[in-house]
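The numbering used here applies: residue 11 is where the sequence shown begins, and numbers increase by one. Here's the structure, in C-alpha cells; my notes come after.
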Amino acid sequence: MAKASNGNNKTGKKKTPTSIEGAGKRAAAPVAPAAFKANGDLEEQIRQRAYELYEQEGYQEGRDEEYWLRAEAEVRGRRSA
11 MAKASNGNNK TGKKKTPTSI EGAGKRAAAP VAPAAFKANG DLEEQIRQRA
61 YELYEQEGYQ EGRDEEYWLR AEAEVRGRRS A
C-alpha cells in the first residue's frame, strides 16, 4: 500500500513548488483589470455612504439593507450624472 505524502522529502525539508518560468524566477503578481478596480471602488463608495446613513440615523440596527440600497442609488446616480 502506498504511503500518503506529507509534502516532505527524505531529508525532512518541505518541498516548495517551482515557478512556471523556471527556478529562481517569480511570476509577476496579477493585475486586476480596470473594470474590477472600478467595481471595487464603487463598492467601497457605497459602503462608506451606507455607513454615513447609518450614523446619521442614530446607528439603528436591522436597517443595513435599506442603507445599502439608498447609498447604492445615490452613488450610482452621481456616477451616471
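Just so it is clear, CB atoms sit at the ideal spot from N, CA and C, and this is done for glycine as well.
Q) Going by the CB atoms, is the gap between Ala81 and Arg59 shorter than 7 Å? A) yes
- For Tyr77, does the count of other Cβ atoms within 10 angstroms reach 16, so buried, or fall short, so exposed? buried
*Could you give the C-beta distance for Val85 and Gln55, rounded to a whole number, given that I count them as a contact under 8 Å?*
5 Å
How far does the alpha helix (DSSP H) with Arg89 in it extend, from its first residue to its last?
74-90
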